[in-house]
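Quick note on numbering: my numbering labels position 221 of the sequence shown as 456, and the sequence is numbered without any gaps.
Where a beta carbon is used, it is the ideal one built from N, C-alpha and C, also for glycine.
Worksheet for the structure shown next.
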Amino acid sequence: MSIIAKPMKILSIKFLRINQIIALLIISVLTCTLTTACQAAIKPAHTNLAYITNQGEDSVSVIDTSTNQVTNTIKVGKGPVGVAVSAKLNRVYISNVESQEISIIDIQNNTLVETIKIKGSPVGLALSPDSKTLYVADWFDNRVLAISTSEDHTTNEVSVGDAPAGMVVSPNNKWLYIANRDSNDVEVIDTASLTIKKRIPVGKHPFGLAISKTGLWLVSVNVKEDTVSIINTKTNAQYKVKVGYHPYCAAISLDGKKLYVSNTQDDSVTVINMSTRKAIATINVGNTPEGVSLDYANSRAYVANWGSNSVSVIDTETNQILTIIKTGDKSRAFGQFVLNR
């Protein structure tokens, strides 16, 4: 009996060990599958950068949009206002209205690498879609400069309406649109010849401009009228939509469905449905919001608050505030200041 019992005991132990190994293998496979699934579910946010001009302290705050933290503060010229960004060139252009110059920042190390002197008062900036031309609105001299982004910085200019401010370039690179604040119109410039094609009357004191990714819709923010003009660039049909008190800047979502407008005197952002042309939300932000720009990959809107020295971050899917980021004195960020990569 004892001779038979011993092998049975050994055999049962072997079966137990085999079962344990199989169980461990199953657990390992499940753990690996779940871990992969969890990692996919908590995929880190796409890293873009937001460049915020701080007019009160002559600096630019750099925000990492994946963490919503300020990672760098860069000293620039006096009175920085406008921003234009180029992922293609790895460059950010800043207009300094008081020192009459353009600061150029290398985004790879976030350092100031060059300065272009301007005899005038540079405010609004815009880059051509191919990043070959930087357009600079000279606020007091009523002209726009077209500066080559190549090393020689060849410059041409065109006289425009009174107090040119915001600018955008059509996606096909054919047209430059300029908001002339004191002329109450948007000027359309042929970029090839740098000549005026037409002027579009809009509301009182247009300042910020936005254009859809298709180029079909152009938006003018009319400061003294508390409206935005939504213009069909093919038919010239124009629709006015009421927004908040003293609106300033605007940005259109990548799919062209929503428009975000900053209202400086009631500390809010109006969200407009572009199809119905009706306001669908009003979001309270910081004091005196000015520049607004979108991070497409992370579905966020960034709003520079001049009065509270901060940036409000909005979830564009829910239209809720995600966080508020402390920046520098008198944050302005006029223009397309989020670098979408």
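N- and C-terminal bounds of the beta strand (DSSP E) containing residue i
{"i": "Met402", "result": "399 to 404"}
{"i": "Thr505", "result": "503 to 508"}
{"i": "Tyr286", "result": "284 to 289"}
{"i": "Arg535", "result": "535 to 540"}
{"i": "Val295", "result": "294 to 299"}
{"i": "Lys313", "result": "Note, Lys313: premise wrong, no beta strand (DSSP E); not H, not E."}
{"i": "Glu552", "result": "Neither: Glu552 is in no beta strand (DSSP E) and is coded neither H nor E."}
{"i": "Ser543", "result": "Ser543 -> no beta strand (DSSP E), and no H or E assigned at all."}
Contact check, residue i vs residue j, beta carbons under 7 Å
{"i": "Ser321", "j": "Leu360", "result": "no"}
{"i": "Gly563", "j": "Ala319", "result": "no"}
{"i": "Asn303", "j": "Val548", "result": "yes"}
{"i": "Leu529", "j": "Met509", "result": "no"}
{"i": "Pro453", "j": "Tyr483", "result": "What sits at residue 453 in the sequence shown is Leu, not Pro. No, the pair does not count as a contact, with Cβ atoms beyond the cut-off."}
{"i": "Thr462", "j": "Gly479", "result": "no"}
{"i": "Thr288", "j": "Ala568", "result": "yes"}
{"i": "Asp420", "j": "Pro399", "result": "no"}
{"i": "Asn283", "j": "Asn345", "result": "no"}
{"i": "Ser497", "j": "Val538", "result": "yes"}
{"i": "Leu451", "j": "Thr468", "result": "yes"}
{"i": "Asn575", "j": "Tyr531", "result": "yes"}
{"i": "Ala516", "j": "Asn554", "result": "yes"}
{"i": "Pro315", "j": "Gln290", "result": "yes"}
{"i": "Ser464", "j": "Lys477", "result": "no"}
Straight-line Cα distance separating residue j from residue i
{"i": "Thr389", "j": "Ser383", "result": "5 Å"}
{"i": "Ser545", "j": "Ile518", "result": "16 Å"}
{"i": "Thr499", "j": "Arg535", "result": "20 Å"}
{"i": "Asn415", "j": "Val371", "result": "13 Å"}
{"i": "Ile342", "j": "Gly526", "result": "20 Å"}
{"i": "Lys367", "j": "Ala514", "result": "36 Å"}
{"i": "Lys492", "j": "Thr449", "result": "12 Å"}
{"i": "Thr430", "j": "Ser455", "result": "21 Å"}
{"i": "Ser330", "j": "Lys432", "result": "26 Å"}
{"i": "Val358", "j": "Thr523", "result": "18 Å"}
{"i": "Asp501", "j": "Asp387", "result": "44 Å"}
{"i": "Pro406", "j": "Ala427", "result": "14 Å"}
{"i": "Ile560", "j": "Thr300", "result": "11 Å"}
{"i": "Ala381", "j": "Asp373", "result": "11 Å"}
{"i": "Ile556", "j": "Arg326", "result": "29 Å"}
{"i": "Ser566", "j": "Gln473", "result": "32 Å"}
{"i": "Lys459", "j": "Lys352", "result": "32 Å"}
{"i": "Asp425", "j": "Lys409", "result": "6 Å"}
{"i": "Ala285", "j": "Ser394", "result": "31 Å"}
{"i": "Glu349", "j": "Lys313", "result": "15 Å"}
{"i": "Gly396", "j": "His481", "result": "22 Å"}
{"i": "Ser385", "j": "Ser296", "result": "26 Å"}
{"i": "Lys323", "j": "Ser338", "result": "18 Å"}
{"i": "Ser488", "j": "Tyr328", "result": "23 Å"}
{"i": "Thr558", "j": "Asn457", "result": "28 Å"}
{"i": "Ser356", "j": "Gly317", "result": "11 Å"}
{"i": "Ser294", "j": "Val311", "result": "5 Å"}
{"i": "Phe442", "j": "Met402", "result": "9 Å"}
{"i": "Val520", "j": "Thr551", "result": "14 Å"}
{"i": "Thr271", "j": "Asn533", "result": "Below a pLDDT of 50, predicted positions are generally treated as unreliable, and Thr271, at 39, falls in that range; no measurement from the model is reported."}
{"i": "Arg434", "j": "Ser418", "result": "10 Å"}
{"i": "Ala276", "j": "Val305", "result": "No answer about Ala276 holds up, because its pLDDT of 39 lies below 50 and its placement is not dependable."}
{"i": "Leu347", "j": "Phe375", "result": "26 Å"}
{"i": "Asn391", "j": "Ile340", "result": "22 Å"}
{"i": "Ile446", "j": "Ile466", "result": "9 Å"}
{"i": "Pro364", "j": "Lys354", "result": "26 Å"}
{"i": "Asn377", "j": "Glu422", "result": "12 Å"}
{"i": "Val404", "j": "Val332", "result": "22 Å"}
Residues bridged to residue i [DSSP beta-bridge criterion]
{"i": "Arg567", "result": "Answer is none; Arg567 lacks a bridge partner."}
{"i": "Leu574", "result": "Leu284"}
{"i": "Asn519", "result": "Ser503"}
{"i": "Lys513", "result": "Asn508"}
{"i": "Tyr495", "result": "Ala486, Val506"}
{"i": "Ala322", "result": "The partner list for Ala322 (beta bridge, DSSP) is empty, contrary to what the question assumes."}
{"i": "Gly317", "result": "Phe569"}
{"i": "Thr558", "result": "Val548"}
beta-carbon residue i near the ligand MG non-hydrogen atom, thresh 6 Å
{"i": "Gly317", "result": "For the ligand MG, the structure offers nothing, since it holds no ligand at all."}
- Query: Where in the segment 329 to 404 do unbroken runs of the beta strand (DSSP E), each at least 3 residues long, occur, reported from the N-terminal end onward?
  - Reply: 336 to 341, 346 to 352, 357 to 362, 368 to 373, 378 to 383, 390 to 394, 399 to 404
- Message: At 3 residues or longer, what runs of the beta strand (DSSP E) sit wholly inside the segment 404 to 491?
- Response: 410 to 415, 420 to 425, 430 to 436, 441 to 446, 452 to 457, 462 to 467, 473 to 477, 482 to 487
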